[in-house]
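In this note's numbering, the protein residues as written are 4 to 227. Have a look at the structure below before the remarks.
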């Protein structure tokens, strides 16, 4: 029997999740253990495949590091990390530049600072433009370091976006902005919500698919 952690709740069905190379089982409060383990047995091939994938991703994540000469994504394109004399760092449309002789962990920290600065500028500008086109008005626009959510919209119309979104190309960034602005009209994912998204971006399905591809890549990179 495959080892697993079990979480019981008021849910009606058994569900399996792979997290960090481990199997998590979520089951109804009264589901007997024999039924849970029979379900796991029936799904053993799927579990083995997913555990292997998860283990590979974890290994890649642990090996992930940044150094001079390597390239990272910005708005859908790869740009190199370069050393420059002095104490300044930033992005100049050709590379991410920073002082020389930094350790990989320091390089990553500076890259994140640059992404945050770029995100505050670009995303804020795009929100203003797209919000005007959609005839909606957010109360605030904030940039955060969320790892599992590209964006969110509160019931007070405050928008939050992860700086990681700056790795996506411009159309994908715009899709996430449209998605969150649409929540100002519809705080759900109903047919009405998707109609608002479609009206602003008819080709949103293609951008949504591209976003999932970026998610797959980021599962193998450690930006924590």
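The beta carbon of each residue, even a glycine, is placed where N, CA and C say it ideally should be.
| message | Using only the alpha-carbon positions, how far apart do residue 209 and residue 175 sit? | response | 9 Å
| field | Cβ pair residue 133, residue 144 closer than 8 Å | value | Not a contact, by the Cβ cut-off of 8 Å.
| request: Please work out which residues of its chain come closer than 8 Å, Cβ to Cβ, to residue 26, disregarding the five sequence neighbours upstream and downstream, and give them in chain order. | output: 5, 6, 7, 8, 19, 20, 43, 50 and 54
| Taking residue 17 as the reference, which of 181, 83, 108 and 30 has the closest Cα? | 30
| field | Closest Cα partner of residue 71 within the set 77, 85, 61 and 58 | value | Out of 77, 85, 61 and 58, 85 has the C-alpha closest to the C-alpha of residue 71.
| task | Can you have a look at residue 36 and say buried or exposed, based on whether 16 or more other CB atoms are within 10 angstroms of its CB? | result | exposed
| CB contact flag (residue 101, residue 203, <8 Å) | No, Cβ-Cβ distance for residue 101 and residue 203 is not below 8 Å.
| Taking Cβ positions, are residue 185 and residue 165 nearer each other than 8 Å? | no
| query | Are the stretch 152-160 and the stretch 110-122 touching, with three or more C-beta to C-beta distances below 8 Å? | reply | Short answer: they don't touch.
| said: Taking the beta carbon of residue 173 as the centre, do at least 16 other beta carbons fall within 10 Å, making it buried, or is it exposed? | reply: exposed
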